[in-house]
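Protein chains in written order, with my numbering: chain D, 644 to 1185; chain C, 1457 to 1771; chain R, 423 to 724.
Structure first, then comments.
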Amino acid sequence: MKHLLKALSLTFLVSAFLLTGCSKADDTSATAPSTTSTSTSTTQAAATPKVEYKDELHVAVSQEAPSLDLHKNSSAIAREIGRGTIWEQLITLDANSEVVPELAESYDVSDDGLTYTFHLRKGIKFHNGQEMLADDVVASMNRWIVGFSTAKKQVGTARFVKVDDYTVSITLETPSLLFPSLIAGATQPAAIMPASVCADEDSKGFVKEYIGTGPYKFVEWKLNDYIKLERNDDYTPYGDPNKPLDGWSGYKHAYTKTIYLHYVLESTTRVAGLQTGQYDIEFQVDDQAYATIANIPNLKLLKYKSAEVALVFNKKEGLAADVNVRKAIRSLVNAEDMMVAHSGTEMYALSSSYMNEGQAFWVSNVGDKYYNLNDPKLAKEYFDKAGYDYKTPFRILAATINNFDRIALVLQQELESMGVPTTLTLVDWPTLTQFRSDPTKYDVFITSFGNVPIPTLKLYLGATWPGWSADQTLQDDMLAIGTSKTMEEAKAAWDKAQLYCWEDYVPVVALGTQYTGYGLSDKVEGAQLFNGLFYWNTRVKK
Amino acid sequence: MLKYLFKRILATIPVLFIVSIVIFSIVYIIPGDPAAVILGENASQEDIQALRTRMGLDEPPIPRYFNWLDNILHGDLGASTANGTPVATMIANQIKPTLNLATFAMLLALIIALPLGMWAAYKKGTWIDQAVTVISLLGISLPSFLLGLFLIMIGAVKLRWFPVSGYVPFSEGIGAHFNALFMPAFALGFIHAALIMRITRATLLEVLNTDYIRMAKSKGVHNFVLVAKHAFKNTLVPVITIIGQSFIIALSGSTVIEAVFGIPGVGSLIVNSVSRRDYQVIQSVVLLTALLNITVNLIVDLLYGVIDPRIRLDR
Amino acid sequence: MNNMKQRTLTEADLRRMVEIRNRLTKEQRSLQLHKFLRNRQAMVGLVIFLIVLFAAIFGPSLCKESPVALNVLNRLKPPSKEHWFGTDTLGRDVYTRVIYGARISMIVGVSVGAISGILGLIIGIYSSYNKYADEILMRICDGLKAIPSILLAITLMTALGADIKNVIISLTVVNTPTMGRLARSAALVVKEQTYIEAMRGIGAKSRRILWRHIAPNIMSPLLVQMTFVFATSIITEAALSFLGAGVPAPQPSWGSILSEGRTVIFTSQWMIIFPGAITAMTVLGLNLFGDGLRDLLDPLSS
């Protein structure tokens, strides 16, 4: 027995060492030198004697893009890799989310508000050396319209046409004040690529080559490993070289020669890599990593309001088809608990607005009096009004990514504590995208909605999008936004629609705004944060 | 020998056929729509439907299965939905890290486990024996992701001896290659070490009990020399068996290790493909992995014959 | 006449043979049991296992808190008098979750061990007896064994959906082929023994031979293997949880607690230390116990 005790105690010593090792791990990070093998870069000829910069930038990303064909994919990760970096657009957004020219010299609207004409900049070269001409723009923009359902809905059968080699135009069927915003800030970017690339699709309809006009060239996408970008030495910048970037627009220096976006699945590993200097930037840190990074002296954090978290009701079938059930849930939820569960204490903001300060113009607090009520008594009144039997389970659907499942758990607890039985379906993201399209499968699902430049792009207000907000009043209100003559009129229409949603229709319950965070080594300079993090003027001190 | 080899190779055909049916059926019932995943949040139902048709997802299962099988027999393993990389290329790229990891892990395991197992057997019943047994069992008692994370915290974050994650190909320098591979290999090897330690100790105890050794002992030959000399040969067969089995375990265990250490291997290829619903990749990679496993087992069986001619190859 | 005589002789012989065999086995068993009780590692393993089993059965009724009761604003609190193991990312009591997790991990381990053992027994017995069944069943076993187990389990879990039941199914599918192989080779040995041959000679029904005589005699290696399957199931479930395909929330399993805890490994180590130590101790205990059991029941294989 004595021997065994010795053996066990030795075992425990080893495990104790392992555990203490990790608890003290943070302390030394400030002083210890970085000796990683992959991030060390070869010395470049010293251009500036004072501060020397690395010629490689290593970013750790948490997910891989489903596709890099921006016209046909709306993932945030693809956007942040491609937009403005590999591909540029005719027009883009400045820091106030206002439309400014990029590949266009300028654009103008006809007096009837139907025809938009874009004058292209001359001498812009694609990465393959070919000059960008009207044919390329027409092919790209029309491919974008077909691929991006929101644009297709907006423009109907209208398409871009070539006027001359440096001018394109489009004539809409109905006037649309917000059409430029749609092009500039679309969740599926209106990337300009050569006409030949647009035409050369693979069997599934995706482009085979990633060629744009941006400051970085696509070099390699090693699936499950990394994406490598290389500086485009033929890039023609625009704007003032002495001014900082303004939103997505401005002078792009492309300081760093090579950018690697490493795909690292495990969040703990990404944070550790940031700590040791193996990665310069961690892309989309979660709440836990945020708390960790905040405690490490040589790291810094950036965050921006990136999305609205919401409970989306199934208005077609089941319990939530009854508006009183929806109002009951609206009255019941404790938005703060849900947001903390989802984002931790540092990464959320309470707000009833469907649009966040990223699009300050559209922020609207008309729903405040219905937001975050946390009032079970009121909820019970509504449930009773709906004639609810307190036996039929309320079905909650959520994906296990981005902590949406944690919100589901909070909602479950709140419902059950007032006697409403629930069933919980927690699935991975691809399964969720299928289940939420099936009205027989759920009463509410939980997700978040990334920033959009105009309210008409809010997916959950669509009649055909999962949840099915096929309400005539709401759809009319939304239409009114798009056809407004002035921005003020549009804003008023949006306020009306949002109040209608909070007060009467309750298609969703908005829970608040979530931040997206980035962890950076303090050697990193000039990372541009605007609806994503962009590396055009980023460099890393040696 | 040749006849045996031929027979064994012939026997793999039905096995692979079963693997193909099993994996195809599982993949077929996986919920989630790859078309919806690729197109993302904004896609309209019509666009998704159009892509489904293009990808052949609307076909009934049986034609789809035979279509896939037919393509494979013609050497076409399919392509990834994400960027059109052919599956063959992906496997060629990603099998190397996994194989290198598995081999390195196995070497580390042998280096740790063989002497420890011998030592434990030699010191049977003492506290050394007990300690060695308990420590080696820890390898299969601790979830490997925890071990991996502990290693990262100590070896990379605290001591800065090794990089946190990633795979450095052999071509970029031998030193860097092994440096990057050490911690994952250690985490993975710890699992095998337990198994190898066990078998070494047990076999050795048996050997030490044989009349031959007893006689030698009575003649006054030093015990340790005996252990080293005779035990090694006799433990080789069971150890090779366990190495053969461990290869499958390595492929399995490396899935978690690859995820922790960000190594682009076969395991992470499958995990990512599942989360992307990249059906062709899942199917073809699993089938090839199975083929690899069967081949390794065959080689191990053949090795028996080489090491110990007494073992008859035909059952 | 000659024929007749031989037949009576055989029956009497057979009875005696079985009797002697049983007595011998009994004696041997009691001897080995004695040895087992003196095997300290196995005993320690057994004690650890029994403690955890006790906690799994009775612990939950002794806990004041619910393992799923959220208190979001009280999240990630270090161990204290109220929360011995601290609280997790949703403010749940880690101690309570570990105790309930013991129950779920035990359910998973026991079910996977038992079901795959029984299936393995059926497969093994029939394939040892029937040539065609053998060919078919063994090819299926080989096929399933050729797929790396985690990969098979994770694709199965994705296909079936996150659920304890499905975790058990997936892990059973992964473990049954080994059991089947094991049972088959044991059954083949038993089948060749004289008394079975003799029984067949006197025309006993094959089902009777299979279940009354072969099955009990191949139970030993299967039981040993079952303890190991039990142990690995706990670890594999943890790996599945890590890969996002284990026991789903809100139910706590040790795997899901650890997998959640790893995200706060830099800041809130208590979410890893306590459940990690308990998981490791339990699986270690099971392995030690299994090793002892093997020495007891199946001395030839070690």
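Here a beta-carbon is modelled for each residue, glycine too, at the ideal position from N, C-alpha and C.
Measure the alpha-carbon distance for Thr594/R versus Asp1514/C and round it to whole angstroms. About 31 Å.
Output needed for Leu1472/C: all residues of its chain with C-beta closer than 8 Å, excluding positions within five of it in sequence on either side, in chain order. For Leu1472/C, where only same-chain residues beyond five positions count, the Cβ hits under 8 Å are Leu1743, Ala1746, Leu1747 and Ile1750.
Which same chain residues, not among the five before or five after Lys1579/C, have their C-beta less than 7 Å away from its C-beta? For Lys1579/C, where only same-chain residues beyond five positions count, the Cβ hits under 7 Å are Asp1585.
Go to Ile636/R, then tell me how far its alpha helix (DSSP H) extends in each direction, as first and last residue. Looking at the DSSP string, Ile636/R is not in any alpha helix (DSSP H), and its letter there is neither H nor E.
Paired residues, beta bridge with Lys946/D - DSSP: BP columns for Lys946/D point to Gly1160/D.
Return the CA-CA distance between Ser592/R and Leu574/R, expressed in angstroms with no decimal places. Rounded to whole angstroms, Ser592/R to Leu574/R spans 8 Å at the Cα level.
I'd like the list of long-range same chain contacts for Arg945/D, defined as Cβ closer than 6 Å, with 5 residues on each side in sequence excluded. With the sequence shown as reference, residue 945/D is identified as Leu, and Arg is not the correct amino acid for it. Result list for Leu945/D: Tyr1161 and Leu1172, in chain order.
In this structure, what does DSSP give as the bridge partners for Tyr869/D? By DSSP's assignment, Tyr869/D forms a beta bridge with Lys865/D and His905/D.
For the stretch 678-706 of chain R, list every residue whose C-beta sits within 9 Å of some C-beta in chain D, in sequence order. Hits within the stretch, in order: Arg684, Thr685, Val686, Ile687, Phe688, Thr689, Ser690, Gln691, Ile694, Ile695, Gly698, Ala699, Ala702 and Leu706.
Closer than 7 Å by C-beta to Ser717/D: which residues in its own chain qualify, once you throw out the five before and the five after it? Chain order, please. Setting aside the 5 residues that flank it on each side, Ser717/D is surrounded in the same chain by Thr830 and Gln831, each with a C-beta closer than 7 Å to its C-beta; the list follows chain order.
Do Gly1010/D and Lys948/D count as a contact pair if the criterion is CB distance below 8 Å? Going by C-beta atoms, Lys948/D is not nearer than 8 Å to Gly1010/D.
Thr1090/D: first and last residue of the uninterrupted alpha helix (DSSP H) it sits in: Element bounds for Thr1090/D: not the alpha helix (DSSP H) but the beta strand (DSSP E), Val1087 to Gly1093.
Leu1016/D versus Leu1067/D, Leu1154/D and Ala703/D, residue with shortest Cα-Cα distance: Measuring from the Cα of Leu1016/D, the nearest candidate turns out to be Leu1154/D.
With a cut-off of 8 Å, does the C-beta of Asn867/D fall near any C-beta of chain C? At least one C-beta of chain C is nearer than 8 Å to the C-beta of Asn867/D.
Are there three or more Cβ pairs, one per stretch, closer than 8 Å when the stretch 1605-1623 of chain C is compared with the stretch 904-924 of chain D? By the criterion of at least three beta-carbon pairs nearer than 8 Å, the stretch 1605-1623 of chain C is in contact with the stretch 904-924 of chain D.
Is there a Cβ of chain R sitting closer than 8 Å to that of Asp1018/D, yes or no? So no, Asp1018/D is outside the interface.
Which residues in chain R sit within 7 Å of Arg1049/D, going by Cβ to Cβ distance? Chain R residues near Arg1049/D: Leu512.
Contact set for Ala1577/C: own chain, Cβ-Cβ below 6 Å, skip 5 residues either direction: Excluding positions up to five away in sequence, the list reads Arg1657, Leu1660 and Leu1661.
Return no unless some Cβ of chain D is closer than 8 Å to the Cβ of Ala626/R. False, the Cβ-Cβ gap to chain D never drops below 8 Å.
Cβ-based burial, Cys665/D [other Cβ within 10 Å; buried from 16]: For Cys665/D, the predicted model reports a pLDDT of 40, less than 50, meaning its position is unreliable; a value from the coordinates is still stated below. When all chains shown are included, Cys665/D counts as buried.
Chain-ordered neighbours of Val494/R on chain D, where CB pairs are closer than 7 Å: For Val494/R, the C-beta contacts it makes with chain D under 7 Å involve Asp980, Val983, Ala984 and Val1053, in order along the chain.
The stretch 919-929 of chain D contacting the stretch 1067-1086 of chain D, beta-carbon criterion three pairs below 8 Å: With a cut-off of 8 Å, the stretch 1067-1086 of chain D and the stretch 919-929 of chain D do not count as touching, because too few Cβ pairs lie within range.
Is the distance from the Cβ of Leu718/R to the Cβ of Gln454/R below 8 Å? Taking 8 Å as the cut-off, the beta carbon of Leu718/R is found closer than this to the beta carbon of Gln454/R.
Could you check whether Leu757/D and Pro1187/D sit closer than 8 Å to each other, using their CB atoms as the reference points? Because chain D in this structure spans residues 644 to 1185, residue 1187/D falls outside the shown range and cannot be described.
Name the chain D residues that come within less than 7 Å of Pro672/R, Cβ to Cβ? Correct list: Leu1052.
Hey, quick one: how far does the beta strand (DSSP E) through Phe761/D stretch, first residue to last? Counting along the chain, the beta strand (DSSP E) containing Phe761/D begins and ends at Thr758 to Leu763.
Within its chain, find whatever has a CB closer than 7 Å to the CB of Ala1643/C; leave out the 5 residues flanking it on each side and keep chain order. Within the same chain, Ala1643/C has close Cβ partners Ser1600, Leu1603, Gly1604, Leu1607 and Ile1713.
Could you check which residue in Leu1058/D, Trp1108/D, Ala1123/D and Lys895/D has the C-alpha nearest to that of Gly727/D? Comparing alpha carbon positions, the residue from Leu1058/D, Trp1108/D, Ala1123/D and Lys895/D closest to Gly727/D is Lys895/D.
Going by C-alpha to C-alpha distance, which of Gln673/R, Ile558/R and Ala536/R sits closest to Asn597/R? Measuring from the Cα of Asn597/R, the nearest candidate turns out to be Ala536/R.
For Glu1057/D and Leu1021/D, what's the separation of their Cα atoms in angstroms? About 13 Å.
Chain D contact for Asn1498/C (CB, 8 Å cutoff): Yes - at least one Cβ of chain D is within 8 Å of the one on Asn1498/C.
Exposed or buried, Ala434/R, counting other C-beta atoms within 10 Å across all chains shown (16 or more means buried)? Classification of Ala434/R: exposed, given that the 10 Å Cβ count is below 16.
Could you give the DSSP three-state label for Arg1182/D: helix, strand or coil? Correct three-state label for Arg1182/D: strand.
Considering only the beta carbon of each residue, do Leu1104/D and Met1121/D sit closer than 8 Å? Cβ atoms of Leu1104/D and Met1121/D: closer than 8 Å.
Interface flag, Gly1723/C vs chain R, CB-CB below 8 Å: Yes, its Cβ sits closer than 8 Å to a Cβ of chain R.
Does Trp1111/D pass the burial test, meaning 16 or more other C-beta atoms within 10 Å, or should it be called exposed? By the 16-neighbour rule on beta-carbons within 10 angstroms, Trp1111/D is buried.
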